[in-house]
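Student: Residue numbers (the working numbering), protein chains in the order written: chain H, 25 to 141; chain C, 2 to 144; chain D, -18 to 320; chain X, 478 to 635.
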Amino acid sequence: MMMYLWAFIVGGIICVAGQLLMDKAKLTPGHTTTILVITGAVLDGLGWYEPLIDFAGAGATVPITSFGNSLVHGAMAEAEQHGIIGVVTGIFEVTSAGISAAIIFSFFAALCFRPKG
Amino acid sequence: MLVTMKVFPLRRILFCFMFLFLLVSCQAGDYPKKTVTLNEETVQAETLIQNIDPVTSAVAIHNEKELYAAAEVEHMARLRLESIRKEAHERLTDQWPEKTIFFSTDKKALLELRKLNNDLAFKSVSKKEIDKRLSKIEEYMKG
Amino acid sequence: MLQGSQSWNFINQPVILSTGVVGGPFEGEGRLADDFDHVFSDIWLSETTFEKAQTRLLEEASYTALAKVNKKPQDMQFMFAGDLINQLTCTSFASRTLAVPYFGIFGACSTSMEGLALGSFVVNNGGADYVLTGTASHNAATERQFRYPTEYGAQKPPSSQWTVTGSGAAIVSKSGSGPVVTSATIGKVVDMGLTDPFNMGAAMAPAAADTIEAHFTDFVRDPSYYDYIVTGDLGKVGLPLMVELLRQRGVMVTEEQCIDCGKIIYTDNQPVNAGGSGAGCSAVVVYGHLLNKIRNNEINRILVVATGALHSPLSCQQKESIPCIAHAVSIETQGVGAL
Amino acid sequence: MKMKQKPPLTDAQRTYQKFAAKDEPQSPVLLNCLKAFLIGGSICAFGQLVQDFFVYNFDFNEQTASNPTIAVLIFIAVLLTGFGVYDKIAQFAGAGTAVPVTGFANAMSSSAIEHRTEGLVQGVGTNMFKLAGPVIVFGTTAAFVVALIKTLWGYWGG
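(1) Per DSSP, what kind of secondary structure is C:S127 in: helix, strand or coil?
(2) So what does D:M173 bridge to, in DSSP terms?
(3) As a quick exercise: from X:T492, X:D500, X:L511 and X:G524, pick the residue whose alpha carbon is nearest that of H:L29.
(4) Does the Cβ of D:W143 have 16 or more other Cβ atoms within 10 Å, making it buried, or fewer, making it exposed?
(5) Quick one: does X:N509 have its CB under 8 Å from some CB of chain C?
(6) By alpha-carbon positions, which one of D:E28, D:E8, D:G85 and D:S101 ends up nearest to D:V(-6)?
(7) With a cut-off of 8 Å, does the C-beta of D:Y129 fall near any C-beta of chain X?
(8) Taking the beta strand (DSSP E) that D:S(-12) falls in, what are its first and last residues?
(9) Using only alpha-carbon positions, find the residue among C:K108, C:K137, C:L82 and C:A89 that is nearest to C:Q51.
(10) Measure how close the beta-carbons of D:V81 and D:L113 come, nearest whole angstrom, since I'm counting them as under 8 Å.
(11) Starting from D:A309, trace the beta strand (DSSP E) in both directions and tell me its first and last residue.
(12) Would D:D191 pass as a contact of D:V162 if the rule is Cβ separation under 8 Å?
(13) Starting from the Cα of C:L121, find the closest Cα among C:T94, C:R92 and C:L135 and give me that residue.
(14) Name the two residues that bound the continuous beta strand (DSSP E) containing D:S73.
(15) Just by C-beta distance, which residues in the segment 43 to 66 of chain H are closer than 9 Å to chain D?
(16) So, does the CB of H:P75 fall closer than 8 Å to a CB anywhere in chain D?
(17) Check the Cβ of X:D500 against every Cβ in chain E and list those closer than 9 Å, keeping chain order.
(18) With 9 Å as the limit, tell me which residues of the segment 52 to 67 of chain C have their beta carbon closer than that to any beta carbon of chain X; keep them in chain order.
(19) Which chain H residues are close to C:R81, counting only those with a beta carbon under 8 Å from its beta carbon?
(20) Would H:G64 and H:T85 qualify as a contact pair, given that the criterion is a beta-carbon distance under 8 Å?
(21) Output yes if chain C places a C-beta closer than 8 Å to the C-beta of X:F537; else output no.
(22) Taking 8 Å as the CB-CB cut-off, is D:E132 touching chain X?
(23) Between the Cα of X:T579 and those of H:T57, H:D47 and H:F137, spot the shortest distance and give me the residue it belongs to.
(24) Compute the beta-carbon to beta-carbon distance between D:T0 and D:Y268, rounded to the nearest angstrom, for a pair I have assumed lies under 8 Å.
(25) Considering only C-alpha positions, which residue in the set H:I33, H:M25, H:Q43 and H:M27 is nearest to X:A575?
(26) CB-CB under 7 Å to D:L215, same chain, minus the five flanking residues each way: which ones, in chain order?
(27) Which residue comes first and which comes last in the beta strand (DSSP E) that contains D:C239?
(28) Here's the rule I'm using: 16 or more other beta-carbon atoms within 10 Å means buried, otherwise exposed. How should D:V211 be labelled?
(29) Helix, strand or coil: which one does DSSP assign to D:P221?
(30) Just verifying my parser: in three-state terms, what is the DSSP assignment at H:G141?
(31) Which chain H residues are close to C:H76, counting only those with a beta carbon under 8 Å from its beta carbon?
(32) For H:E104 and H:G110, I'd like the C-alpha separation in whole angstroms.
(33) DSSP state of D:A290, grouped into three classes?
(34) Does chain X have any CB closer than 8 Å to the CB of D:K340?
(35) For the alpha helix (DSSP H) containing H:T4, list its first residue and its last residue.
(36) Can you tell which of D:I152, D:I167 and D:V218 has its C-alpha closest to the C-alpha of D:T322?
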């Protein structure tokens, strides 16, 4: 049960960081999420993101920061097997679920819905 | 727009959260502890892991050549899960240098090991099935 | 005839013969719902795209205005209209339906008064007997053009404004009964270097102040001449700024005298942040609510200052500041205001 | 990254900007942060619930379960976007709904739905990544750089 509490807290804190970027630094949501993704990638490069996932579970995997993290992860896993080329070929290895789900669902949503204004 | 704004006064949301936490904390009961142990070695392995400080519970199953073990740790210790895994792995290797050690803190591996342990205690499980389930658990541990 | 440096004095006093005002469902819940001729319950207006819906809005408003005085589109000599959507397509499509000789004008949210000033000028100088002028905006069509897709969850800051779904059209004629257009002051582009597209009120306030000051200088008038000085969409943020600017320049307007279309169109409960905006906003408020007040003799003279922000999403992304403009038109009760 | 060389401001512009900034209504930052925390946090907690559901009932371990979890969250977000609810929640929650992966899904589906009127290829296909594109572009590039440095570090350093 501690897991839920920490998922809530850590996830919430990441969102607050995003909110501060939007309100204080006056960034658009696009800029904000982009910065967070890059942050996630860098944190994983430093080896700090994985412990955070162990600690907060979905609190660390659901925010967009984890997208950067898994991109690096995919690249690293492939690089271990195939050397430096793997950095390019493996990037989308882990994240494919998220991206393909988003593409597929969005496409069908475009067929089924119209904007509500 | 109008409707949703009315549904979301902050106070009501706060209330919902308090309620949720209450609900959650009520459910946080104990996990049924395994009482039956198979053999000396299993107990030995489990206590060995539990002696590592932040581990709260552990489960282990021996095979001829392998040792499968999983553990749950205090939540605050999850930030250094990697080093705990390494330590447990080292201790187990020291104890059974001739065996291949599989150790994990994955929840799924832990669950499945417990289940298998229970089944071993109460039912007769064929050798083939044990092997199958253990190799499955090995898969989970990789993750 | 030219008055001062940038104003027209309409000696022949063109008449606003009739007006047509239509709005969307959200506007129907607003404060001025009773002044609409028709409120649509569906933001699509049963059309397949938001742009078609906006075209419909202008058509409906125009036909309503025509029907009120038993006129047909053929009776109109010219049409001055515009909107916010790329290349004025929505207005052009509407004028394809109406088949009136057509001037497309772009003044962003100041289009309504730009059209009225030009139309009145043409009528005043004998260029036409009847001129149709109007503008429309559609919330979703404008949002998707200037900001984000309508369903995108981006939080809007409190200084942002809500684009009005609605259209106002007016028939300006040489003679007849109705409120009269007595003068107009054409504004110049004022750019104070503001870049935030979510704070239009602050960007446009200097333009409004500039035009109003020019108006009073050209006509050597005092602000007390008007019952109301009506700005088009400065919102809650821009209106106090404009009042302050005017006072700094020695134009002593009173707080009660200055009202803003974007501020009065919605109720306080509607989540529109700083108020309404969009080309349709000043059109529906002036052609509906305010002209009704003049017709009922509740007020006699108003100066309508419609303001427009002449940026595009492209220019904003290229870090250009927002150029703004304001056009003022004075509307008075017939037979009262002649100088 | 940022474009420089803005034309220099005149004194009048500078004075007005100061004057306007003084009166600009500020976003209630503290309140917004609280809302973002609550909504963002509960989306994550809900994600944890879904993840545990997959761990307990399906053939997933902790790590692999996060993939279907994200797919489920994306599905829900797309559905809410389609019903026109997501943007209303977002006005309340701010970053609370923009930062989780649901915000990514909302960015994609809202663009897709919006541009349906321009046809499937030129509308939906072309515009789907209009808002979500930057995240992928910069995420991928950053990940490439990070992974490259890490790999090279591995070769030379250890």
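For each residue, glycine too, the CB sits at the ideal point set by N, CA and C.
Values in this document were obtained by computation on a predicted structure and should not be read as measured data.
Tutor: Judging by the given coordinates:
(1) The answer is coil: DSSP assigns C:S127 none of H, G, I, E or B.
(2) Answer by DSSP bridge pairing: none, since D:M173 is not bridged.
(3) That would be X:G524, whose Cα lies nearest to the Cα of H:L29.
(4) D:W143 is buried by the Cβ-count criterion.
(5) At a cut-off of 8 Å, the C-beta of X:N509 has no neighbouring C-beta in chain C.
(6) The sequence as given places Gln at residue -6 of chain D; Val does not occur at that position. Checking every option, the nearest Cα to that of D:Q(-6) belongs to D:S101.
(7) For D:Y129, the answer is yes, since a Cβ of chain X falls inside 8 Å of its Cβ.
(8) Annotation: the continuous beta strand (DSSP E) that includes D:S(-12) extends over S(-12) to N(-10).
(9) Comparing Cα-Cα distances from C:Q51 to each of C:K108, C:K137, C:L82 and C:A89, the minimum goes to C:A89.
(10) The Cβ separation is near 6 Å, so the contact holds.
(11) Here the beta strand (DSSP E) through D:A309 covers C305 to E313.
(12) D:V162 is positioned such that its CB atom lies no closer than 8 Å to that of D:D191.
(13) Nearest C-alpha to C:L121: C:L135.
(14) Residue range T70 to L79 is occupied by the alpha helix (DSSP H) that includes D:S73, with no beta strand (DSSP E) assigned at that position.
(15) For the segment 43 to 66 of chain H, which is checked against every Cβ of chain D, the residues closer than 9 Å are Q43, M46, D47, K50, T52, P53 and G54.
(16) The beta carbon of H:P75 sits no closer than 8 Å to any beta carbon of chain D.
(17) Here the protein chains are H, C, D and X, and chain E is not one of them.
(18) Here the close residues number zero.
(19) Result: P75.
(20) Cβ distance not < 8 Å, so H:G64 and H:T85 don't count as in contact.
(21) Output row for X:F537: interface = yes.
(22) The C-beta of D:E132 comes closer than 8 Å to at least one C-beta of chain X.
(23) Ranking H:T57, H:D47 and H:F137 by CA distance to the CA of X:T579 puts H:T57 first.
(24) Contact between D:T0 and D:Y268 is confirmed by a C-beta separation of about 4 Å, below the 8 Å threshold.
(25) When only C-alpha atoms are compared, the closest one is H:Q43.
(26) Only G182, M185, A186, A189, M223, D241, G243 and T288 meet the Cβ criterion.
(27) Element bounds for D:C239: C239 to D241.
(28) By the C-beta density criterion, D:V211 is buried, having at least 16 other C-beta atoms within 10 angstroms.
(29) DSSP places D:P221 within a helical segment (H, G or I) once states are collapsed to three.
(30) Here H:G141 sits in coil by DSSP.
(31) Chain H residues near C:H76: M26, M27, W30 and F79.
(32) Looking at the two C-alpha atoms, the distance is approximately 7 Å.
(33) When DSSP states are grouped into helix, strand and coil, D:A290 belongs to the strand group.
(34) One cannot answer for residue 340 of chain D here, as it falls past the ends of chain D, which runs -18 to 320.
(35) In the structure as shown, chain H starts at 25 and stops at 141, and residue 4 of chain H therefore has no counterpart that could be examined.
(36) With chain D represented from -18 up to 320, any question about residue 322 of chain D goes unanswered, as that position is not in the structure.
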